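To keep things clear, I will list the structure first and then write my remarks on it.
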Amino acid sequence: MGKQVVPESARRRRRPTKNGAVLSERLIVETALRMLAEHGGQGLTARRLGLALGADPSTLYRYFAGMDELTLAIGAELVGRALDGWKPTGDWRADLRRLGLRIHGAYLAHPQAAVLTASRVTGREQETAVDEAILALLRTAGFPDPDAVRIYHAFIDQSLAFAALDAASLALPAAAREADEHKWESTYARLSAASHPNIAATAGLLAARMNHSAYPAALDMLLDSAAGRLGRATGREAARPSGA
4 MGKQVVPESA RRRRRPTKNG AVLSERLIVE TALRMLAEHG GQGLTARRLG LALGADPSTL
64 YRYFAGMDEL TLAIGAELVG RALDGWKPTG DWRADLRRLG LRIHGAYLAH PQAAVLTASR
124 VTGREQETAV DEAILALLRT AGFPDPDAVR IYHAFIDQSL AFAALDAASL ALPAAAREAD
184 EHKWESTYAR LSAASHPNIA ATAGLLAARM NHSAYPAALD MLLDSAAGRL GRATGREAAR
244 PSGA
């Protein structure tokens with residue numbers, strides 16, 4: 004893939020494919036998501052995608068300039084799903100927490116696609132809509148712009164980093180994932196207090212916790228820090244003499 008993309012109005016296929024579907028960018032992205040779930044990143048090729056759609060692979064070039072552009076469209080679709088049905092309530096901390104969990108969950112619903120896309124910057128409408136929503140929450144809450152950008156950066160990178168980490172675990176073959184999870188009981192819980200006193204002291208807690216995502220706890224820590232920063236900033240503002 005590497006041809007110039009045809010404008011939307013001109014590229015739309017009027018005739019159904021062999022599968023009876025009318026091609027669209029959305030149908031291609033949804034089919035690619037299904038293929039990633041079934042075959043992983045290595046299984047997503049233009050040829051296989053064309054077969055799944057019942058269309059010649061060259062037809063895909065009318066919608067995407069290359070497979071990399073399709074990858075970006077998949078990433079944008081995932082992050083955009085986090086915004087579906089989400090509305091701010093006026094409580095910036097609760098709204099941001101809910102949005103973070105939705106972003107993380109949208110990626111984990113498609114772990115193979117998340118592994119492929121979580122590190123990418125798409126620049127597409129869905130992504131910019133999420134970024135605009137995050138910055139709006141922070142600026143409306145009263146964060147100065149430098150703080151708003153700093154917190155936005157930490158928030159979105161944390162969300163995507165945990166999405167990539169947790170998705171990579173979910174994308175493992177079942178046997179490998181189960182073996183990894185079992186190590187907290189089969190290995191860590193059996194370490195002696197003489198050689199590993201701190202692991203031995205917390206082995207039960209580790210076994211109960213470590214096979215679950217740390218994202219909610221990390222998100223709360225980030226938001227606690229942001230709330231403290233806002234409190235200090237507004238406290239300084241309130242203490243500033245009038246007209247200063």
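Numbering (my numbering), first residue to last: 4 to 247.
Glycine included, every Cβ here is placed at the ideal spot set by N, Cα and C.
Computed from a predicted model, the values in this text were never measured in an experiment.
Item, Value
"Report the three-state DSSP secondary structure of Y213 (helix, strand or coil).", "The sequence given here has Met at residue 213, not Tyr. The answer is coil: DSSP assigns M213 none of H, G, I, E or B."
"From which residue to which residue does the alpha helix (DSSP H) around F158 run?", "D148 to L173"
"In this structure, does DSSP put P176 in helix, strand or coil?", "coil"
"Which term fits L233, buried or exposed, when burial requires 16 or more other beta carbons within 10 angstroms of its beta carbon?", "buried"
"Which residue marks the beginning of the alpha helix (DSSP H) containing H42, and which one marks its end?", "E28 to H42"
"Taking only runs of the alpha helix (DSSP H) that begin and end inside the stretch 35-122, which ones reach a length of at least 4 residues, in chain order?", "49-56, 70-84, 95-111 and 114-120"
"Would you check if the distance between the CB atom of L54 and the CB atom of Q115 is smaller than 7 angstroms?", "no"
"Determine the direct distance from the alpha carbon of T74 to that of R48, and round the result to whole angstroms.", "Residue 48 is actually Thr in this sequence, not Arg. Each residue's alpha carbon lies about 11 angstroms from the other."
"Among G238, D134 and A35, which residue has its Cα nearest to the Cα of F158?", "D134"
"Label A241 either buried or exposed according to how many other C-beta atoms from any shown protein chain fall within 10 Å of its C-beta, with 16 as the threshold for buried.", "Because the pLDDT at A241 is just 43, under 50, the model does not fix this residue reliably, and the value given afterwards should be weighed accordingly. So A241 counts as exposed."
"Which residues in the same chain have their Cβ closer than 6 angstroms to the Cβ of Q43, if we skip the five residues on either side of it in sequence?", "Sequence check: residue 43 is Gly here, not Gln. Hits under 6 angstroms: Q115."
"Can you give me the Cβ contacts of T35 inside the same chain, cut-off strictly under 7 angstroms, excluding the 5 residues immediately before and after it?", "Before going on, a small fix: residue 35 reads as Ala here, not Thr. Cβ neighbours of A35 beyond the five flanking positions: L47, L52, L73 and I77."
"DSSP on L138, reduced to helix/strand/coil?", "helix"
"Any idea what DSSP makes of A230, helix, strand or coil?", "helix"
"Measure how close the beta-carbons of A170 and A217 come, nearest whole angstrom, since I'm counting them as under 8 angstroms.", "The Cβ separation is near 14 angstroms, so there is no contact."
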